[in-house]
Structures are given as structure tokens and as C-alpha cells.
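FYI, our numbering numbers position 236 of the sequence shown as 300, with every residue one higher than the one before it. Yeah, the Cβ is synthetic: ideal placement off N, Cα and C, and Gly gets one too. Just so you know, these numbers come straight off a predicted model, no measurement behind them. Before any comments, here is the structure.
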Amino acid sequence: MKIAMIASEAVPLAKTGGLGDVVYSLSKELNELGEETVIVLPFYKSSHSKIKGKLTKVTSFTVAMSWRREEAIVYKTEISGITYYLIENAHYFDRDVLYGEYDDGERFAFFTMACNDLFPEIGFKPDIIHVHDWQAGMLPVLIKEQHREFYQATKLVFTIHNPAFQGLFPKIVLGDFYNLPDSLFDNGQVRFKDQVSTMKAAIIYSDKITTVSPSHAQELLTPEGGQGLDQILRLREWDFTGFLNGVDYKEFDPAHDEIIAQKYNVKTFYEGKAANKAALLKSMHLVDSGKPLFGVVSRLTWQKGIDLLFAMCYEMANRGCNIVILGSGEYQVEQRMEQLRATYPDIVGIYIGYNDDLAHQVYAASDFFFMPSLFEPCGIGQMIAQKYGALPIVRRTGGLRDSVINYDGHNKDKADGFGFDSYNPMDAVNTAIYAYDNWWNITLRKKLMKNAMSVDHSWRQSATLYLGLYKEIVGDK
């Protein structure tokens, strides 16, 4: 089966968040399952320096966007067995950032239009075109409305990664960017919040819609969790499902991790984590309190439940526990983090920014891992933490609900973390206290840590589910 992934980012060439990991890891696993999967990306300025192998110019062609005539120069390279097609245009992609430009609507419209012309140009006829998030959300509309013979047998899948970004633009973009008639807006096919929504368009026009966890799929069907998309998704409810993202265990596995102070596995984790904890605290000039270490690796934004996080951190710091936080985000949150460190300078360590090596070290050293998100479509931190034996403490929303089994005092044979449901500081703090109290029971602690390290959140499981969906819609049972 030929599968084309269309996305605005994919590691290692472009990444701002989890989307880049998903596109790469899913494609890699599908290829290992015997499918032919390619990735199509914009060729950003920052991607050039990340090309390590051979880069070949494939073709170039003109993209017509109403009165505009912009050249698409197509290159390809191979990474981890995946062919990447990179669409270059200096006017749109020779920028210092991937997103946040005043003309993002036009930039990604160009990318979408170029993708539509790319496959006939290079003779790659996909059985599946899998579009990710809003940036190329109009591609299913173009394919379905233009009725090109080349795409007659191609099926379309759309994945919602972040429902908060819905690709909202004025009505004029239909004709001005996409050469599409206003009637698609007037009849409601692409109209949302009285604007054109590329995300709604993809939901309406794709053959199947997915999101990144089963619980998040159910949440998106509700007024509370749907971010306004619930009514639209209910129209396609029978074609909508959620598959939990996975973890790349070749990168995140304490048994083979060259970054951490001492490697360990499910048999040697107790001594291994102690060595990593000692090394991390020493490197951050913290005193080992003899109590549990609570770790955080996160974007410091409102979505991540920052108010709950602070409540839990202050409670645990008051009890003399060590806390190490790695992240960056909103300025006010960063300043509150600095205040936390200033209040407890001997036991609390803060690193503002992102440091991949330090992230591995925090996972390896931590006894517990805070992730009290307001909403979390999937989340990957909690699954990495489990592999490293750091028990997640999560608010049970979205993928956090699907990936962490809460210890309730009776299910020690299955539990691999702690969780709470209501979004309020009292429940968050009480759950942290409950985890802290249970930490002193060494037999129980070892059992829960072993459970966490043994759980399988590999991409192979997720890729198998996606492949089953692809086969279903192309008629290959």
C-alpha cells in the first residue's frame, strides 16, 4: 500500500511539538510493517542544516493561486528508510520560524496546492493520503471537488492533533488562495464561526477522521471538550475514532540510554534510579532530601494545568521533597517557577528552556512525574516517564486517561501511576499526597514502578491500528 503523510512538521527536519514525532514515528512503523510511506513537508529554512544524507532535486512546477504564480521546487531525501519530499519556496518558507507569521494562511495554502499537484507530477499514486492538522486541511476539498482521475482511487484520512487551532480565515481565501468557489462557504461545507475553517473542511471531506487517543475522541464529541467542533464531528461520528500515540523506545529506554548517568532495566531499576537521582541532584546543586523526587518536563502553558502544578509543587516542597522542572512557555509562568525555586533553593531545581539531555535525566531520576493537564489529546511525557519507572501523577483527561492506570489501593497488580478527575487544586494536591504516602511502602513502590516500566506504548501497536483503518477504507480486508 502506498501512503502519503502530509504535515507541517516531522522529525528530524521540523518539530515544534508532538506532531513532528507522530508523523515520523507512524511513518517509520508503517514502513517496517511492509507499506510504502512517504512524508511531504514544507522545506523550511531551519530544515536545510538538518539534512544529513543525500538531497536530490526531483522537479519544479508553478502553483497557481488566483493571480499568484509561485514556484514549487521539490527535493527528496531518505531518513530512517522514509522518503521525505520537501517543497521549497523561498518567499514562503525562508523564515526563522515555522509558524506565527502574518501570512500563515497563504503560506500553508501554497503548500496544500503544491501537494495537490505533486503526486501526479512525480507519478506517485497514493492509496492513502493522510493529512495532519489544519495546515493542509483543504487538500481533501481540492481532491474531492476537482474530481481528478489521478486521485479516483485515493482515500483520505485526517488526524486532529490540536483542536484549538482550527485554520480560521476570511471567506475570500477560497477563491484567492485555493481557486475554489464561494458556494462551498455559502452551503456550509467549509464555513465555521462565520469563517473558512481548514480543519472543518478536512473533517467534512475526508473518508475517515482520527485523533490521538480514544478518550480524546469522546471528549471532542462533547460541548465541553469539543472546542466548538463537537457538532461537526457528530455528523461524522461513525467515521471518527481515536488511536493512542506511541513512544519511540529506541530513543526512550533506560536500558540503552547513553544520556543518563546509569543504565537500568526492569530488573535493576531500583539501584539504577537511585544512581540517576544522585547524579541529577548533584548537577543541579540540590540537596538530596531523602524523600521522593517529583519531575516535570513540559511546556509551561495554561493547557498543562499550571495552577494545579504549582499547588502540588508547593505542597510537596513544604514536605521537603525534591522537585526538578524543565520547560519554557508563558513569561508569567516562568517567573512563578523562579519564585518557587527562590523559596526552596536547596531542594527545587528549575531549567527554563528545553534541553533534550536533561529531559532524559529527569525521567531517569524521578520517582514521580507531574502532568495535571487541563486537556491533553494524547501526551507523551507520561508514557516516557512510565518506561523510566517514574510514576505519573495525572489529571485523567484525553490520552492521560487511556495510558495511566490509577492506583486505588486495591489494584497493585495493574496500576502504573496516580490520577484524579476534577480540575481543581484540592484533588490535585490530595492525589500528590496519596502518591507521597504510598512511596514509603517500598514493596508497593517497586511493584508499581515495575508495572509502569513493563507497559507497552510502542508505535507498533498504533501503526497496526492505523493500517487496519487504511485497509478498511481501500477495501483490503
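According to DSSP, residue pairing for K219 in a beta bridge involves I192. Taking a 10 Å sphere around the C-beta of T262, we find 16 or more other C-beta atoms and assign the residue as buried. According to the DSSP secondary-structure assignment, I457 is paired through a beta bridge with F434 and F482.
When DSSP assignments are scanned along the region 265-350, the uninterrupted stretches of alpha helix (DSSP H) that are 4 or more residues long and fall wholly within it turn out to be 278-284, 294-299 and 333-347. Excluding residues up to 5 positions away in sequence, S72 and F172 lie with their Cβ nearer than 6 Å to the Cβ of Q199 in the same chain. Annotated three-state conformation of N386 is strand, per DSSP. Between the C-alpha atoms of A496 and K327 there is a straight-line separation of about 27 Å. Two segments are said to touch when three or more pairs of C-beta atoms, one from each, lie closer than 8 Å; by this definition the region 464-473 does not touch the region 323-341. Where K114 is concerned, there is no enclosing alpha helix (DSSP H), because DSSP gives it neither an H nor an E. Residue nearest to L531 within the set L83, I70, E99 and L105 is E99 (criterion: CA-CA distance). Counting only residues of its own chain and dropping the five nearest sequence neighbours on each side, Y498 has a CB closer than 7 Å to the CB of F482. Per DSSP, the continuous beta strand (DSSP E) segment holding S261 begins and ends at Q259 to S261. Of the residues Y418, F484 and S130, the one whose Cα lies closest to the Cα of G369 is F484. For K511, the three-state secondary structure derived from DSSP is helix. Secondary structure of E440 (DSSP, three-state): coil.
When secondary structure is reduced to three states using DSSP, T365 falls in the coil class, being assigned neither helix nor strand.
Going by C-alpha positions, V205 is about 7 Å away from A265.
If the five residues before and after G354 are omitted, its C-beta is found closer than 6 Å to no C-beta atom of its own chain.
Leaving aside the five residues that flank Y418 on each side, the residues in its chain whose CB is nearer than 8 Å to its CB run, in chain order, L390, G391 and S392. In summary, W523 is buried, with 16 or more beta-carbon neighbours lying within 10 Å of its beta-carbon over all protein chains present. Residue range Y395 to T407 is occupied by the alpha helix (DSSP H) that includes R405.
Under the Cβ criterion (8 Å, minimum of three pairs), the region 315-329 does not count as touching the region 404-419. In this structure, the alpha-carbon of Q446 lies about 31 Å from that of E142. In terms of CA proximity to Y408, H349 leads the group G453, V426, E440 and H349. A straight-line Cα-Cα distance of about 41 Å links Y269 and L455. If you compare the alpha carbons of K79, V102 and M517 with that of K331, the shortest gap goes to M517. Here the region 152-169 makes contact with the region 101-114; the two share three or more CB pairs at distances below 8 Å.
Taking the Cα positions, N340 is about 13 Å away from D421. Counting C-beta atoms within 10 angstroms of its own C-beta, V221 has 16 or more neighbours from the protein chains shown and is therefore classed as buried. The three-state secondary structure of G462, taken from DSSP, is helix. The straight-line gap separating the alpha-carbon atoms of W302 and A381 is approximately 48 Å. V360 has I389 as its beta-bridge partners, per DSSP. Apart from the 5 residues on each side of it in sequence, A228 sits with its Cβ closer than 7 Å to the Cβ of Q291 in its chain, given in chain order. The C-beta distance from M202 to Y139 rounds to 23 Å, too long to fall under 8 Å, and the pair is not in contact.
Assignment of beta-bridge partners to F256 by DSSP yields Q259.
Put simply, of E283, C179, L248 and L297 the residue whose alpha carbon is nearest the alpha carbon of K272 is L297.
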